[in-house]
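Residue numbering for the sequence shown follows the working numbering, beginning at 117 and increasing consecutively.
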Amino acid sequence: MSHVLNKMSGWIGWVFFLDLFDGLSLTLSYMFSRTVTMRYPDEEKWVPFPRHRGHHFLKTDETGELNCVACELCAKICPCDCITVVPYEDEKGNRRPLVFDIDLGRCLFCGLCEDACPADAIALGQHYEYSAYDTKALVVGRDALMGMPGKADRGGTVVSARLTTDDGVRVIAGAEEGYDWWRRIRRR
Ligand code: SF4
Ligand code: SF4
117 MSHVLNKMSG
127 WIGWVFFLDL
137 FDGLSLTLSY
147 MFSRTVTMRY
157 PDEEKWVPFP
167 RHRGHHFLKT
177 DETGELNCVA
187 CELCAKICPC
197 DCITVVPYED
207 EKGNRRPLVF
217 DIDLGRCLFC
227 GLCEDACPAD
237 AIALGQHYEY
247 SAYDTKALVV
257 GRDALMGMPG
267 KADRGGTVVS
277 ARLTTDDGVR
287 VIAGAEEGYD
297 WWRRIRRR
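Here it is as structure tokens:
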């Protein structure tokens with residue numbers, strides 16, 4: 117019986133173009149709902165959640181000393197073989213990285229290097245704007261990794277921003293507080 121009813125409703129829907137009206141009503145409802153288009157990069161930018169795995173950064177202690185002890189575990193565990201560590205011994209006898217390069221062009225942002233590090237020295241942050249014309253520019257060295265922004269406490273919002281080309285192409289966030297973009301999306 118239910119099989120017959122299903123068949124009849126499908127047939128009635130086909131005769132009266134119910135699917136067409138269903139689609140048109142969805143289109144019309146979006147025409148009169150709030151916009152969800154992010155005005156990136158001119159006016160707004162997305163700040164990812166703290167769990168986002170973006171550009172790596174190297175952590176330092178309160179004296180500015182690198183946490184990294186150049187054990188090379190991150191390089192060994194990396195599935196893409198994109199980390200190069202060359203250790204040296206500093207004047208205090210501590211093992212430190214003389215060279216610490218990451219090739220972001222090869223990296224798949226799996227986060228294994230962060231998980232494997234025994235010294236809490238490396239992490240993947242929320243920064244995601246590092247495109248380049250040349251793949252050589254995607255090889256990032258120790259000092260640049262030390263200067264990269266770390267993880268913020270918050271994220272998952274859209275904040276006001278400004279596009280500048282004064283010192284390379286950059287999108288500078290104008291505010292810490294933003295709006296929750298996901299809440300603007302209508303769900304049927
Ligand atoms: S995130 Fe994964 S692929 Fe990228 S450097 Fe770390 S271990 Fe290698
Ligand atoms: S970042 Fe961590 S795992 Fe990699 S060499 Fe330094 S201490 Fe070892």
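Where a beta carbon is used, it is the ideal one built from N, C-alpha and C, also for glycine.
Here the structure is a predicted model, which is why all the values come from computation and not from measurement.
Non-local beta-carbon contacts of HIS243 in its own chain, meaning distances under 7 angstroms to residues more than five positions away in sequence, involve GLY170, HIS171, MET264 and PRO265 in chain order.
With contact defined as three or more Cβ pairs closer than 8 angstroms, the segment 224-240 and the segment 177-186 are in contact.
In the displayed model, GLY180 falls within coil according to three-state DSSP, outside both helix and strand.
Around the C-beta of ARG150, fewer than 16 other C-beta atoms lie within 10 Å, and the residue is accordingly described as exposed. The DSSP assignment places complete beta strand (DSSP E) segments of no fewer than 3 residues inside the segment 143-205 at 160-163, 172-174 and 199-205, in order along the chain. VAL152 sits close to ARG300, with the two beta carbons spaced by under 7 angstroms.
As the crow flies, the alpha-carbon of ASP231 is around 8 angstroms from that of ALA239. Taking non-hydrogen atoms of ligand 1 into account, the C-beta of CYS229 is found less than 6 angstroms away from one of them. Taking all protein chains shown into account, ILE218 has 16 or more neighbouring C-beta atoms within 10 Å of its C-beta and is therefore buried.
With distances taken between CA atoms, ARG302 lies nearest to PHE148 out of CYS190, PHE137 and PHE148. Checking the DSSP bridge columns, you'll see THR281 has no partner listed. Comparing C-alpha distances from VAL215 to each of PHE132, GLU205 and LYS267 shows the shortest one belongs to GLU205. Remark: fewer than three beta-carbon pairs, one from each stretch, lie closer than 8 angstroms, so the segment 162-169 and the segment 194-203 are not flagged as touching. Going by DSSP, ALA239 is part of the beta strand (DSSP E) stretching over 238-240. Distances taken from the Cβ of ILE218 to the heavy atoms of ligand 2 include none shorter than 6 angstroms. Beta-bridge annotation (DSSP): SER141 is not paired with any residue.
Placement of the Cβ of GLU188 at a distance of less than 6 angstroms from at least one heavy atom of ligand 2 is found.
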